[in-house]
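Q: From first to last, the protein sequence lines are chains A and B. Note that full-length UniProt numbering has the first sequence beginning at 1, numbered continuously upward. Note that full-length UniProt numbering has the second sequence beginning at 1, numbered continuously upward. Note that CB positions come from ideal geometry on N, CA and C, so glycine has one too. Got a structure here, written out as structure tokens. Questions coming.
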Amino acid sequence: MQSSAKYLTRKGWYQTAIIAIIGGTYILGSWILNFDNLSGLMAVPRAFGWLGINFQPTAKSVEYLPKIWQKLMQTVLLAISSTVVAAIISIFVALIGSKVTGINGFVQLIVRGIASFFRNIPLVAWSMILLFSFKQSDFTGFLALLLMSIGFLIRAFMEIIEDEASETMLALKATGASYFQVIFQAVLPQILPSVLSWILYMIENNVRDATLVGILTGTGIGFIFDLYYKSFRFDAAGMTVLSIIIVVIGLELISNQIRKVIL
Amino acid sequence: MIDSEDRVIKKPQLPSSPNIKLHETSLSRVMILLVFVSLLLITGFTLTHLDTANVQLNAAVKELTSTLHQMFLQPSTGSDGLGELLQGLGMSLLISIMTTIIGAVFGFFFAVLASKNLTNVYLGTIIRVVMAVVRAIPTIIWALIFSIVCGLGSTAAILGLSFHSVAYLTKAYSESIEGIDKSTIESLEVTGSKFWVIVFQAIWPTIMASFVSWTFIRLEINFANAIAVGAAAGAGGIGYQLFVASGMSFDFHEVGFIVYLIILVTFLLEFIAVKIRHFYLDR
């Protein structure tokens with residue numbers, strides 16, 4: 001039997017080794033990337049000082065407000081609609097691809113592959129490819145967010161179905177219900193709250209991602225931030241950031257309230 | 001005592017109504033219906049009012065297919081060459097690893113200070129609100145802000161990504177800390193242990209598994225973000241090469257190659273995450 005002293009010594013060595021590996025990776029990384037930790041740390045207060053001076057909303061920046069809000073609302077609507085369309089597509093794909101409701105092993109494998117493929121292509125690549133053929137419009141932003149969300153939601157929905165619906169499904173199957181009866185009477189009602197929770201999370205996420213897509217494809221709030229920022233109208237850029245903060249936190253609060261009721 | 005007789009001798013009742021109630025109306029069901037209907041209405045409204053810049057759908061889809069064909073079936077290293085692309089990929093990966101380490105260290109300390117079952121309410125609330133604000137600002141905007149103060153390059157990318165990582169991990173860790181059984185903390189408190197002793201002897205071992213899995217989830221997010229920051233803020237890494245190839249030189253063969261490289265790395269990260277998670281869960 002192992003003595004406790006021996007065990008503790010081994011545990012101590014083990015922890016030291018892990019900390020050394022992580023610390024070593026960090027130091028090596030900062031050396032390779034030329035990242036000066038001290039000046040990096042010093043840059044943080046300087047950045048906030050700079051933000052405090054330049055991003056301060058002035059009397060003039062209030063004039064930008066209607067335009068900013070219009071673009072922001074457009075972005076939120078885009079995020080919501082792309083998530084909803086992605087959810088409708090993914091729920092069907094997830095139903096035929098999950099282990100419990102799926103058709104057969106081959107289809108399941110293909111669905112998993114497709115989901116992981118869509119998920120792992122960077123948003124940057126989607127935006128730029130779509131921009132090339134669909135030009136600078138809201139539709140491009142919609143498609144980029146849609147394709148990305150589909151990848152995430154298929155995986156999430158499949159996991160929900162496998163975790164939550166298998167028992168209910170079995171119970172209904174035992175009564176002799178047909179496949180579609182099982183799907184519509186057992187699986188879908190059972191997973192609906194979790195599905196909604198994921199949709200709300202995806203909407204929040206898409207509002208943030210829409211900023212990136214907007215900067216790249218020239219649409220929505222990302223475009224207007226980029227425009228103000230690169231033309232040195234920092235007061236307007238600050239106003240934009242402030243509006244984004246308010247909307248994102250507002251969305252988070254609303255969806256937390258909804259989650260409290262439904263889950 | 002008197003009315004107990006009524007309860008004991010109950011008259012047999014016939015089932016009163018022939019129709020069986022299949023669904024109970026509850027607040028939760030109404031809410032779900034309400035949210036779904038409003039989401040669908042918003043979607044319908046948005047899709048019918050979408051600005052499509054008069055794009056010809058047929059032509060656009062045809063162009064997209066040919067682009068995808070060039071990307072995925074004929075990838076090539078393009079003008080940058082394999083060496084430079086691998087260097088960019090390594091840079092992006094290093095940026096994501098470093099920002100995850102920064103995020104994990106600071107995130108853990110903030111999470112300990114923000115958890116309701118460990119510290120006082122005021123400090124916790126202040127940290128929570130600050131982190132919510134930091135999280136609400138997209139990573140790309142953080143990177144753009146830092147790129148003005150410390151110039152374009154990896155420093156701005158690291159600082160920008162770290163901010164979001166710290167805020168995200170603080171929330172994730174503090175949720176797992178709050179899930180700890182109260183008796184674990186109390187049993188150490190009665191022995192007179194100091195605050196940090198409790199943290200490292202009781203809390204740290206308990207949340208180890210969820211700590212590791214959240215950290216690896218963040219590593220994957222950070223890798224995606226490092227690419228995005230490189231593309232939109234010119235902050236180095238393979239994201240910049242991806243942006244140049246797809247937005248300036250329109251070399252979609254190279255875009256395809258870069259996308260394959262990125263997918264390879266994300267699969268590798270996922271594989272390592274699964275292995276390490278199993279290792280910690282089995283112990």
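Below 6 angstroms CB to CB, which residues in the same chain sit around B/G88 once its five sequence neighbours on both sides are set aside?
A: G237, I238, Q241, listed in sequence order.
Q: If I'm right that B/V199 touches B/V112 with Cβ under 8 angstroms, what's the distance once you round it to whole angstroms?
A: Rounded, the Cβ-Cβ distance is 5 angstroms, consistent with contact.
Q: I'd like to know if A/G12 contacts chain B, where contact means its C-beta is closer than 8 angstroms to some C-beta of that chain.
A: For A/G12, the answer is no, since every Cβ of chain B falls outside 8 angstroms of its Cβ.
Q: Starting from the beta carbon of A/D138, find every residue of chain B whose beta carbon is closer than 7 angstroms, and list them in chain order.
A: Near A/D138 (Cβ distances below 7 angstroms), the residues of chain B are L50, D51.
Q: Among B/F110, B/K62, B/F257, B/L94, which has the Cα closest to the Cα of B/G230?
A: Closest by alpha carbon: B/L94.
Q: Run down chain B in chain order and give the residues with a C-beta less than 8 angstroms from the C-beta of A/N120.
A: Correct list: I262, I263, T266, F267.
Q: At a cut of 8 angstroms, does the segment 56 to 71 of chain B reach the segment 131 to 146 of chain A through at least three beta carbon pairs?
A: Touching, yes.
Q: If the cut is a Cβ gap below 8 angstroms, which residues of chain B does A/P193 touch?
A: Near A/P193 (Cβ distances below 8 angstroms), the residues of chain B are S28, I32.
Q: Which of the residues in the segment 140 to 151 of chain A, read from start to end, lie with their CB under 7 angstroms from any CB of chain B?
A: Within the segment 140 to 151 of chain A, the qualifying residues are F142.
Q: Going by CA-CA distance only, name the one from A/E162, A/Q185, A/I161 that's closest to A/L172.
A: Answer by Cα proximity: A/Q185.
Q: Would you mind reading off the limits of the alpha helix (DSSP H) that contains A/I114?
A: Residues 105 to 120.
Q: Drop a sphere of 10 angstroms on the beta-carbon of A/P45, count the other beta-carbons inside from all chains shown, and report buried for 16 or more, exposed for fewer.
A: A/P45 is exposed by the Cβ-count criterion.
Q: Please state if the CB of B/S246 and the CB of A/R249 are separated by a distance shorter than 8 angstroms.
A: According to the sequence as given, residue 249 of chain A is Ile; it is not Arg. Not closer than 8 angstroms, so no.
Q: Report the neighbours of A/R208 on chain B: residues whose CB is nearer than 7 angstroms to its CB, in chain order.
A: Under the 7 angstroms cutoff, chain B gives P138.
Q: At the level of alpha carbons, what is the spacing between A/I191 and A/A59?
A: When rounded, the distance between both Cα atoms is 50 angstroms.
Q: Which runs of the alpha helix (DSSP H) spanning at least 4 residues fall entirely within the segment 167 to 226 of chain B, listed in chain order?
A: The qualifying runs are 182 to 189, 195 to 198.
Q: Go ahead and label A/V84 buried or exposed: buried means 16 or more other beta carbons lie within 10 angstroms of its beta carbon, across all protein chains shown.
A: A/V84 should be labelled buried.
Q: Going by C-alpha distance, which of B/S154, B/L47, B/L82 is nearest B/F257?
A: Comparing Cα-Cα distances from B/F257 to each of B/S154, B/L47, B/L82, the minimum goes to B/L82.
Q: Between the beta-carbon of A/I121 and the beta-carbon of B/V244, is there less than 8 angstroms?
A: Result no, Cβ atoms of A/I121 and B/V244 do not sit closer than 8 angstroms.
Q: Hey, is A/A94's beta-carbon within less than 8 angstroms of any beta-carbon in chain B?
A: Not one chain B Cβ lies under 8 angstroms of A/A94.
Q: Quick check: the Cα distance between B/I207 and B/Q201, rounded to an integer number of angstroms?
A: Their backbone Cα atoms lie some 11 angstroms apart in a straight line.
Q: Pull up the CB-CB distance for A/I154 and A/G220, whole angstroms please, since I reckon it's below 8 angstroms.
A: That pair is no contact at about 25 angstroms.
Q: Is there a Cβ from chain B that is less than 8 angstroms from the Cβ of A/N34?
A: Cβ-Cβ to chain B under 8 angstroms: yes for A/N34.
Q: Let me make sure I understand the geometry here. Which of B/H253, B/S213, B/E270, B/T266 has the alpha-carbon closest to that of B/R277?
A: Closest option to B/R277, Cα to Cα, is B/S213.
Q: What is the DSSP secondary structure of A/R208, counted as helix, strand or coil?
A: Correct three-state label for A/R208: helix.
Q: Rounded to the nearest angstrom, how far is the Cβ of A/F35 from that of B/T155, given a contact under 8 angstroms?
A: Confirmed, about 6 angstroms.
Q: At a CB-CB cut-off below 7 angstroms, which residues of chain A make contact with B/A60?
A: Those are S133, F134, listed as they occur along chain A.
Q: Just to confirm, is the Cβ distance from A/D138 to A/L78 under 8 angstroms?
A: Contact: yes.
Q: Name the chain A residues whose beta carbon is nearer than 9 angstroms to that of B/F243?
A: Going along chain A in sequence order, the residues near B/F243 (Cβ under 9 angstroms) are V124, M128, L216.
Q: Exposed or buried, which one is B/M98 when buried takes at least 16 other CB atoms within 10 Å?
A: It counts as buried.
Q: Would you report the Cα separation of A/V100 and A/Y7, rounded to the nearest angstrom?
A: Looking at the two C-alpha atoms, the distance is approximately 44 angstroms.
Q: Can you pull the chain B neighbours of A/V248, defined as C-beta to C-beta under 7 angstroms?
A: Near A/V248 (Cβ distances below 7 angstroms), the residues of chain B are A136.
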